Amino acid sequence: RQATVKLPLSSCRWYVWGVARWIDMDVETGSIEVAKIRGKSTVVRCFSKYPMKFLVPNKVGTCDSDSVWIYSLTYGGGIVSGDSISCNFTIGDECTAVLTTQSSTKVYKSVGSKCSSQNFE
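Residues in the sequence shown are numbered from 38 upward in steps of one, following my numbering.
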């Protein structure tokens, strides 16, 4: 039986069910967890916030493929001055995941002293 819990958008910490840990949403821009469900690699957790977005299509390739395809997108056409992107990926045992982008990611020139950073773990 599933239950839906609505939390205010101002909440900065979320509990991830089944993982037994809190995620600090103010630190992470994106987070994905892939686990084996019924013998197939499946995204069991997917979170992203501005300036990052993840697309996880239901079907890619043949139906006997066990790969999860994850497309990473950035708003604004690329990484702009002041963007700070920090993503965490957890890929379970015997799982397969492909992380890619729809096109090349542009990195734009900094304005003043605003630096941009991108960190994928």
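Glycine residues also receive a C-beta, built at the ideal position from the N, C-alpha and C atoms. Please read these numbers as outputs of a predicted model, since none were measured by experiment.
Nearest neighbour of A72, chosen from S147, Y145, V148 and D103 [CA to CA]: Proximity to A72 across S147, Y145, V148 and D103 peaks at D103, based on C-alpha coordinates.
Inter-residue Cα distance where the pair is R75 and Y112: Looking at the two C-alpha atoms, the distance is approximately 34 Å.
Whole-angstrom C-beta distance between S153 and G119, which should lie under 8 Å: 7 Å
Exposure label - P88; buried when at least 16 CB within 10 Å: buried
Check whether I107 and Y145 have beta carbons under 8 Å apart: no
For Q155: DSSP bridge partner residues: I122
Pairwise C-alpha distance: S121 and V105: 26 Å
Residue environment, D61, which counts as buried when at least 16 other CB atoms sit within 10 Å: Low confidence applies here, because D61 scores a pLDDT of 48, under 50, leaving its location unreliable and the question unanswered by this model.
Short CB-CB distance (under 8 Å) between F84 and chain C: Annotation note: the requested chain C is absent from the structure, which comprises a single protein chain.
Cβ-based neighbour list, T127, same chain, cut-off 6 Å, excluding 5 preceding and 5 following: E70
Coil, strand or helix - G115 by DSSP: Residue state, collapsed to three classes: strand.
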